[in-house]
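Just below is one structure, and these are the notes that go with it.
In our numbering, the protein residues as written are 1 to 300.
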């Protein structure tokens with residue numbers, strides 16, 4: 001293997017493993033999750049940046065890609081100018097989603113019964129997604145596009161997906177999709193065919209989520225992997241002759257099928273151990289930190 005290839009791939013292979021080995025024993029599980037996710041993300045960023053020609057991209061733009069943008073489509077961000085500026089209404093929409101997330105965390109979560117642990121955890125988790133993926137990440141996309149940079153939104157109206165393939169391929173977390181499509185699906189499809197590429201892509205997604213979700217929770221192992229394997233199977237079914245006869249992959253039937261496939265097994269992805277041991281303690285920590293910041297005299 002060439003030295004350049006080693007330099008490109010080493011961070012994504014070494015950083016997560018190194019953190020798992022050296023992580024302090026008493027580290028909170030939610031902190032373990034965030035740091036582990038960060039090491040994986042850093043490795044992905046490095047991989048995508050190293051794998052694209054950057055001679056035409058300025059140093060500030062490259063630094064912006066590495067440190068101020070959660071997307072992983074380096075070719076588009078660094079080498080394709082954006083000529084269409086976002087509308088003013090898009091800024092208000094992103095801010096509204098951010099506000100919804102903050103309200104779920106700081107207004108709804110605290111008033112829920114303490115014994116309703118799973119319900120509180122799900123409210124907090126939905127709040128996090130609205131704050132980050134639908135709020136902050138959307139605002140960053142708007143800011144970069146306003147500056148003339150191609151930074152596609154990480155979330156592209158996933159609620160409108162009329163097929164499971166459309167949901168995972170174009171609408172939900174396009175950053176992770178860009179990574180797996182470029183480095184897994186396309187190479188494997190070229191060599192072994194589309195079905196093999198699809199299967200390995202979803203298997204890899206399951207493994208990564210098991211690592212980030214189940215390992216910190218110390219439970220629920222295999223659930224995320226099974227969830228993503230079911231998603232891959234659903235895509236194959238909706239593309240099959242039977243799926244086509246049933247009208248899947250488009251229209252109202254396709255949308256309904258997508259909703260069922262996504263929501264029915266969702267407890268496998270975000271299983272109870274993760275909600276109880278990671279999400280709830282994390283939201284509680286946020287609220288306690290927010291209370292301490294609002295009342296600094298209480299800690300004296």
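Glycine residues also receive a C-beta, built at the ideal position from the N, C-alpha and C atoms. Computed from a prediction, not measured in an experiment: that's the story for all the values here.
(message) Can you find the residues in the same chain that come closer than 8 Å, C-beta to C-beta, to residue 253, ignoring five residues on each side of it along the sequence?
(response) Counting from one through the chain shown, the residue named residue 253 turns up at place 253. Closer than 8 Å at Cβ, skipping near neighbours: 246 and 247.
(request) Alpha carbon to alpha carbon, how far is residue 57 from residue 75? Give it in angstroms, no decimals. (result) As a working note, residue 75 is residue 75 in the chain shown. As a working note, residue 57 is residue 57 in the chain shown. So the alpha carbons of these two residues sit roughly 10 Å apart.
(message) I'd like to check one pair, residue 50 with residue 8: are the Cβ atoms closer than 7 Å?
(response) Taking the chain shown and counting its residues from 1, one reaches residue 8 at position 8. Taking the chain shown and counting its residues from 1, one reaches residue 50 at position 50. Taking 7 Å as the Cβ cut-off, residue 8 and residue 50 qualify as a contacting pair.
(message) Using C-beta distances below 6 Å, list every residue in its chain close to residue 300, excluding the 5 sequence neighbours before and after it, in chain order.
(response) For the purposes of this step, residue 300 is taken as residue 300 along the chain shown, with counting starting at 1. Any reading at residue 300 needs caution, since the residue's pLDDT is 46, under 50, leaving its predicted position unreliable; the model's value is listed next. So no residue of the chain qualifies.
(message) With a threshold of 6 Å on Cβ separation, who are the neighbours of residue 268 within its own chain once the five nearest residues in sequence on each side are excluded?
(response) For the purposes of this step, residue 268 is identified with residue 268 of the chain shown, where counting begins at 1. Apart from sequence neighbours up to five positions away, the residues of its chain that approach residue 268 with a beta-carbon distance below 6 Å are 223, 226 and 227, ordered along the chain.
(message) Using only the alpha-carbon positions, how far apart do residue 174 and residue 94 sit?
(response) Locating residue 174 in the chain shown gives position 174, where the first residue counts as 1. Locating residue 94 in the chain shown gives position 94, where the first residue counts as 1. Here the alpha carbon of residue 174 sits roughly 17 Å from the alpha carbon of residue 94.
(message) Using the Cβ count rule (16 or more neighbours within 10 Å means buried), how would you classify residue 305?
(response) Any answer about residue 305 is impossible in this case: the structure gives the chain only from 1 up to 300.
(request) Please state whether DSSP places residue 149 in a helix, a strand or coil. (result) In the chain shown, the residue the question calls residue 149 occupies position 149. In the structure shown, residue 149 adopts extended strand secondary structure according to DSSP, grouped into three states.
(request) Kindly indicate which three-state DSSP category residue 265 falls into: helix, strand or coil? (result) If you number the chain shown from 1, residue 265 lands on position 265. In the structure shown, residue 265 sits in coil (DSSP, three-state: anything other than H, G, I, E or B).
(message) Helix, strand or coil for residue 272? Go by DSSP, reduced to three states.
(response) Taking the chain shown and counting its residues from 1, one reaches residue 272 at position 272. In this structure, residue 272 counts as helix in the three-state DSSP scheme.
(request) Check whether the Cβ atoms of residue 30 and residue 278 lie closer than 7 Å to each other. (result) What you label residue 30 is simply residue 30 of the chain shown in a count that begins at 1. What you label residue 278 is simply residue 278 of the chain shown in a count that begins at 1. At a Cβ-Cβ threshold of 7 Å, residue 30 and residue 278 count as neighbours.
(message) Beta-carbon within less than 6 Å of residue 127's beta-carbon, same chain only, minus the 5 sequence neighbours each way: which residues are those?
(response) Start at 1 with the first residue of the chain shown, and residue 127 comes out as number 127. Around residue 127, the same chain offers 101, 104 and 105 as residues with beta carbons nearer than 6 Å, after the five sequence neighbours per side are excluded.
(request) Compare the Cα-Cα distances from residue 92 to each of 184, 257, 139 and 47 and report the closest residue. (result) Taking the chain shown and counting its residues from 1, the one referred to as residue 92 is at position 92. Considering only alpha carbons, the answer is 139.
(request) Mind checking which residues open and close the alpha helix (DSSP H) that includes residue 244? (result) Residue numbering aside, residue 244 sits at position 244 when the chain shown is read from its first letter. For residue 244, the uninterrupted alpha helix (DSSP H) run begins and ends at 241 to 245, by DSSP.
(request) Name, in chain order, the residues that DSSP records as bridge partners for residue 81. (result) Within the chain shown, the letter at position 81 stands for residue 81. In the DSSP output, where bridge partners are listed per residue, residue 81 has 149.
(request) Give the single residue among 271, 221, 165 and 157 whose Cα lies nearest to the Cα of residue 239. (result) By one-based count along the chain shown, residue 239 stands at place 239. Closest option to residue 239, Cα to Cα, is 165.
(message) Tell me the rounded alpha-carbon separation between residue 176 and residue 229.
(response) For the purposes of this step, residue 176 is identified with residue 176 of the chain shown, where counting begins at 1. For the purposes of this step, residue 229 is identified with residue 229 of the chain shown, where counting begins at 1. Each residue's alpha carbon lies about 16 Å from the other.
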